[in-house]
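Residue numbers (our numbering): 8 to 120.
Glycine is no exception: its CB is placed at the ideal position from the N, C-alpha and C atoms.
Quantities reported herein were computed from a predicted structural model and do not represent experimental measurements.
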């Protein structure tokens, strides 16, 4: 049995949240379920698509959902990954972290409590 629940969340760094919101609302055909100055999020067909202003990653980050974020971070770093952002609470008990694989790809982990 896999220790991940798959990729269910993809966060897109954006420079202009209002402009990006217009584009993603048109693309997805729905209004966002979360709409704040620091985050806009859409739930579409079992996927969560988020817009995050001011992020420093070069492109979208796919977040693997896991039951134990600290254990999974330990596993991937033991296998050669480098932690980018340590696990942090982003509200509602949700923890997120990012790491870089040996080729420089940024991947995310997400744990809901």
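Going by Cα to Cα distance, which pick from the options is closest to residue i?
i          : options            : result
residue 10 : 83, 38 and 94      : 83
residue 18 : 26, 34, 93 and 47  : 47
residue 24 : 86, 43, 85 and 55  : 43
residue 97 : 57, 111 and 36     : 57
residue 87 : 59, 107 and 60     : 107
residue 20 : 80, 113, 68 and 92 : 68
At least one CB of chain D closer than 8 angstroms to the CB of residue i: is that the case?
i          : result
residue 13 : The chain labelled as chain D is not found in the depicted structure, where only one protein chain is given.
Let me check one thing: in DSSP terms, what residues is residue i bridge-paired to?
i           : result
residue 57  : 18 and 48
residue 96  : 102
residue 115 : 70 and 105
residue 43  : 46
residue 30  : Answer is none; residue 30 lacks a bridge partner.
CB-CB under 6 angstroms to residue i, same chain, minus the five flanking residues each way: which ones, in chain order?
i           : result
residue 117 : 16, 70, 72 and 103
residue 100 : 120
residue 51  : 35
residue 27  : 21 and 58
So residue i and residue j are in contact, right, with Cβ under 8 angstroms, and what is the actual spacing, rounded?
i          : j          : result
residue 31 : residue 49 : 7 angstroms
residue 94 : residue 76 : 5 angstroms
Enumerate in chain order the residues of its own chain whose CB-to-CB distance from residue i is below 8 angstroms, with the five nearest sequence positions on each side excluded.
i          : result
residue 74 : 10, 12 and 118
residue 53 : 15
May I have the straight-line CA-CA distance separating residue i from residue j, to the nearest angstrom?
i          : j           : result
residue 38 : residue 61  : 22 angstroms
residue 29 : residue 113 : 26 angstroms
residue 89 : residue 109 : 8 angstroms
residue 92 : residue 40  : 26 angstroms
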